[in-house]
Structures are given as structure tokens and as C-alpha cells.
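S.K.: I'd like to ask some things about the structure below.
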Amino acid sequence: MELSQVIKERRTIKDFNGQPVPDELLDRALEAGLWAQNHRLTQPWRFTILGETTKARLAQDFPKIASKPVVVAVSCLHSDGGEQEREDYAAVACAIQNIQLEAWNEGLGMQWSSGKMSTGSHLHELLEVDAEREFFVGLLFFGFPLEIPAARARKPLAEVSKRLP
Ligand SMILES: Cc1cc2nc3c(=O)[nH]c(=O)nc-3n(C[C@H](O)[C@H](O)[C@H](O)COP(=O)(O)O)c2cc1C
640 MELSQVIKER RTIKDFNGQP VPDELLDRAL EAGLWAQNHR LTQPWRFTIL GETTKARLAQ
700 DFPKIASKPV VVAVSCLHSD GGEQEREDYA AVACAIQNIQ LEAWNEGLGM QWSSGKMSTG
760 SHLHELLEVD AEREFFVGLL FFGFPLEIPA ARARKPLAEV SKRLP
């Protein structure tokens with residue numbers, strides 16, 4: 640697919656068919672994240688891929704997790720609590736965008752989930768992630784789309800931009 644087509648046609652996918660996701664396909668998508676821009680090359684992203692046992696544990700408290708074929712937790716290294724940490728969070732978001740675009744290019748859908756379920760402190764113990772070292776940016780749900788929702792309209796460029804002399 641053309642890059643511009645991938646960018647425009649990418650959609651958040653919340654409902655998945657039962658088709659299993661090959662590990663190599665998931666790895667290729669995650670590897671695309673490693674090439675995201677990040678200031679001072681901090682590479683602040685960390686990925687935890689949940690196995691079936693861990694997913695089932697999380698689903699005890701959050702049943703909807705059970706319907707997600709693959710769950711990957713994304714965390715970000717803490718740094719100075721200030722500018723660097725803000726930039727590192729932005730870098731992780733860039734990585735997630737790369738991951739979603741790479742996945743989409745291969746027919747794999749993804750949702751970035753960012754609520755309490757996906758970023759709360761309950762995740763540290765369950766996922767063996769040190770709370771002093773990393774904070775959660777979200778859970779990524781991967782799978783093959785049951786259906787592709789229609790895009791919701793974006794504001795035109797003219798409405799969100801200005802050109803100065
Ligand atoms: C920082 C961030 C957090 C998000 N959190 C959620 C979420 O918790 N649940 C959800 O359904 N979608 C979440 N999304 C996805 C957006 O809802 C989605 O991108 C938006 O509805 C536009 O749809 P599209 O991705 O198909 O273009 C998140 C996106 C971003 C960038």
C-alpha cells in the first residue's frame with residue numbers, strides 16, 4: 640500500500656475476528672515502533688506482550704480483555720518528571736503510531752486503549768513492571784478486523800492552520 644493510503648485508511652479497530660495473530664507479524668509491527676523519532680535517542684518505550692495466562696488474569700477484573708486476541712502493554716521510562724518526560728511520552732506516542740501503521744499495512748487491526756484499565760497501577764504488579772521506573776501509556780489490542788469502521792470526518796487543513804507572512 641502507498642504510505643499516504645495507509646495513513647488515511649488506518650482505523651482504530653475494536654472488534655476482531657477469531658483469526659490468530661502470528662508472532663512474526665506482531666513482532667514486525669512492534670519493530671516499526673523502534674524507528675520512531677525520540678529526542679536524545681532515549682528510546683523510552685517498553686513493550687510487554689501478554690500471554691494467555693496473564694491476559695486471563697487481567698480479564699478477571701476487566702472481562703472485555705478476553706475478547707482481544709493480542710494484548711500488548713506499552714510503558715514509558717520515567718526520567719526527570721519534566722521536559723524530558725513529556726518528550727519521552729510524545730516519542731512513545733510516535734512509536735505507537737508507527738506500530739499501528741505497520742500493522743495496518745499488513746491487514747492487522749489495533750486499538751490504543753488509554754483508560755484506567757489500561758494505565759492504572761494494578762498493571763505494575765500483574766505485568767512485572769517497576770512503578771519507579773516506568774508508567775503505562777496504554778494497552779494495545781491487536782487482531783484481524785471483524786469490520787472496518789467508516790472514517791469520521793476530519794476538520795479541513797484550512798480550519799486548523801494559518802499561514803503567516
Ligand atoms: C492518546 C490516545 C488515547 C486513546 N485512547 C483510546 C481509548 O481509551 N479507547 C478507544 O476506543 N480509543 C482510544 N484511542 C483511539 C481514538 O479513539 C481514535 O483514534 C479516534 O476515535 C479516531 O478514530 P481512528 O483511529 O479510527 O481514526 C486513543 C487514541 C489516542 C491518540
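Heads up: the sequence shown begins at 640 in this note's numbering, then just goes up one per residue. All C-beta atoms, glycine included, are put in the ideal place defined by N, C-alpha and C.
1) Does the pairing of the region 784-792 with the region 731-741 give three or more beta-carbon distances under 8 angstroms?
2) Kindly indicate the opening and closing residues of the alpha helix (DSSP H) around Gly759.
3) Enumerate in chain order the residues of its own chain whose CB-to-CB distance from Ala705 is below 6 angstroms, with the five nearest sequence positions on each side excluded.
4) DSSP state of Glu767, grouped into three classes?
5) Quick check on Ile652: does DSSP put it in helix, strand or coil?
6) Mind checking Glu741: buried by the 16 CB within 10 Å criterion, or exposed?
7) Is there contact here, the region 660-668 with the region 716-725, by at least three beta-carbon pairs under 8 angstroms?
8) By Cβ distance, which residues of its chain are closer than 6 angstroms to Val711, with the 5 residues on each side in sequence left out?
9) Just how far apart, CA to CA, sit Phe774 and Phe701?
10) Inspect the beta-carbon positions of Asn737 and Met640 and report whether they are closer than 9 angstroms.
11) Kindly identify the DSSP beta-bridge partner or partners of Phe781.
12) For Glu648, which option in Val799, Arg802, Leu747 has the closest C-alpha, if you only look at C-alpha atoms?
M.R.: Taking the coordinates as given:
1) no
2) Position 120 of the sequence shown, counted from the start, is the residue given in the question as residue 759. Unbroken run through Gly759: none, as it is neither H nor E.
3) Looking up residue 705 in the sequence shown gives position 66. Excluding residues within five positions, the ones whose Cβ falls inside 6 angstroms are Ala698.
4) For the purposes of this step, residue 767 is identified with residue 128 of the sequence shown, where counting begins at 1. Glu767: coil per DSSP, three-state reduction.
5) By 1-based counting over the sequence shown, the position of residue 652 is 13. The answer is coil: DSSP assigns Ile652 none of H, G, I, E or B.
6) Working through the sequence shown from its first residue, we reach residue 741 at position 102. Per the 10 Å Cβ criterion, buried.
7) no
8) Counting from one through the sequence shown, the residue named residue 711 turns up at place 72. Phe686, Ile688, Leu779.
9) As a working note, residue 774 is residue 135 in the sequence shown. As a working note, residue 701 is residue 62 in the sequence shown. So the alpha carbons of these two residues sit roughly 20 angstroms apart.
10) In the sequence shown, the residue the question calls residue 737 occupies position 98. In the sequence shown, the residue the question calls residue 640 occupies position 1. Contact flag unset, no.
11) Position 142 of the sequence shown, counted from the first residue, corresponds to residue 781. In the DSSP output, where bridge partners are listed per residue, Phe781 has Val709, Met749.
12) On the sequence shown, position 9 is the one that residue 648 refers to. Checked all of Val799, Arg802, Leu747; the closest Cα to Glu648 is Leu747.
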